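For reference, the structure discussed in these notes is given below.
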Ligand code: GLU
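Residue numbers (our numbering): 5 to 281.
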């Protein structure tokens, strides 16, 4: 059975870009007689707000986009993500990173620059080189730390990877271009990449439908799935909605929020059509 999902982060009101994405997943599931799930990706408490999560559900209902089963709210499941982190740590693939952003920037500048990854300059690996004694001493001292994936070791463990992009066939993965990614942050005990792959596996998602801005991240997601022995979903990355000037729709375009359009008298069908469906 086809299982898709819509996984917004509640950092603002639902806008046309979200509707486009939600309908991509909803249509894919409903046309196949499958299941469509809703997940709230709210692990970052500094950016996400419960009011926005409630508003997202209300706006989806108003649009007639229904979902199956309970909504998964990620911030309630940090203990689950911890178990996955412990497994990766058990494989020797995680290390604590005590660096601040400023220290990383200084280190990169001092070494004459760093290669660019999809999310910015690659981490120079400073804390990977700490001895076990240094790590323990800093942890005992209470220094805050993130957990990073030892990318070279992870890639060596799983070998070559690819994934099925619906309509495009199999695409080769190159997760190494992300460098030693953070899988648990200092202030949030998990990361998007870990939680999204965990939940897609847990929920039995068979086709991940989402914006093409996340296409590069799929390389990393396949790596985590492979390390964890999680099933491999197919992917369908859709083009992002853009405005008349060709710019990606953003939350600051308040007039494109579903509630604003609703207050302006638009019907659900009109809003779905404005979102390209
Ligand atoms: N929560 C992510 C976002 O709102 C989407 C994650 C995904 O679909 O994989 O951008």
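Beta carbons are placed, not taken as given, at the ideal position from N, Cα and C, and that holds for glycine. Because the structure is a prediction, the values reported are computed rather than measured.
Contacting residues, own chain, Cβ-Cβ under 7 Å from residue i (five flanking each side not counted)
i: residue 46; result: 13, 14, 52, 57, 77, 78, 79
i: residue 183; result: 121, 126, 127, 155
i: residue 195; result: 186, 187, 188, 189
i: residue 115; result: 128
i: residue 71; result: 40, 41, 42
Reference residue i; option with closest CA among the options
i: residue 83; options: 193, 201, 135; result: 193
i: residue 264; options: 6, 228, 19, 141; result: 19
i: residue 156; options: 132, 242, 145; result: 132
i: residue 95; options: 81, 158, 54; result: 158
i: residue 64; options: 36, 85, 41; result: 41
i: residue 139; options: 81, 99, 104; result: 99
i: residue 181; options: 281, 35, 93, 124; result: 124
i: residue 49; options: 16, 71, 31; result: 16
i: residue 32; options: 141, 7, 81; result: 7
i: residue 344; options: 104, 54, 248, 204; result: In the structure displayed, the chain extends from 5 to 281; residue 344 sits before or after that span and is not available.
i: residue 11; options: 62, 75, 144; result: 75
Contact belief for residue i with residue j at Cβ below 8 Å, rounded distance in angstroms
i: residue 187; j: residue 198; result: 5 Å
i: residue 101; j: residue 150; result: 5 Å
i: residue 207; j: residue 177; result: Not quite, the Cβ-Cβ distance comes to about 22 Å (not below 8 Å), so this is no contact.
i: residue 112; j: residue 118; result: 4 Å
i: residue 325; j: residue 190; result: Absent from the model: residue 325. The displayed extent of the chain is 5 to 281, so no value can be given.
i: residue 275; j: residue 227; result: With 8 Å as the limit, residue 275 and residue 227 do not qualify as a contact, their Cβ atoms being about 37 Å apart.
i: residue 21; j: residue 244; result: 7 Å
i: residue 185; j: residue 225; result: At roughly 11 Å, the Cβ-Cβ gap does not stay under 8 Å, so residue 185 and residue 225 are not in contact.
Contact check, residue i vs residue j, beta carbons under 7 Å
i: residue 230; j: residue 153; result: no
i: residue 43; j: residue 91; result: no
i: residue 38; j: residue 5; result: yes
i: residue 279; j: residue 23; result: yes
i: residue 60; j: residue 26; result: no
Other residues of its chain near residue i: CB distance less than 6 Å, five sequence neighbours each side excluded
i: residue 67; result: 272
i: residue 142; result: 102
i: residue 277; result: none
i: residue 281; result: 27
i: residue 173; result: none
Close Cβ partners of residue i (< 8 Å) along its chain, the five nearest in sequence each way excluded
i: residue 88; result: 198, 202, 232
i: residue 246; result: 252, 253
i: residue 242; result: 24, 25, 28, 213, 214, 215, 216
i: residue 86; result: 193, 194
i: residue 179; result: 155, 158, 159, 165, 223, 224, 226, 227
i: residue 110; result: none
i: residue 257; result: 19, 247
Cβ-heavy atom distance, residue i to ligand 2, below 6 Å
i: residue 75; result: In the structure shown, ligand 2 is absent; the only ligands present are ligand 1.
Contact the segment 235-242 vs the segment 205-215: 3+ CB pairs below 8 Å: yes
Three CB pairs or more closer than 8 Å across the segment 268-277 and the segment 127-134: no
Meets three-Cβ-pair contact criterion under 8 Å: the segment 219-235 and the segment 161-172: yes
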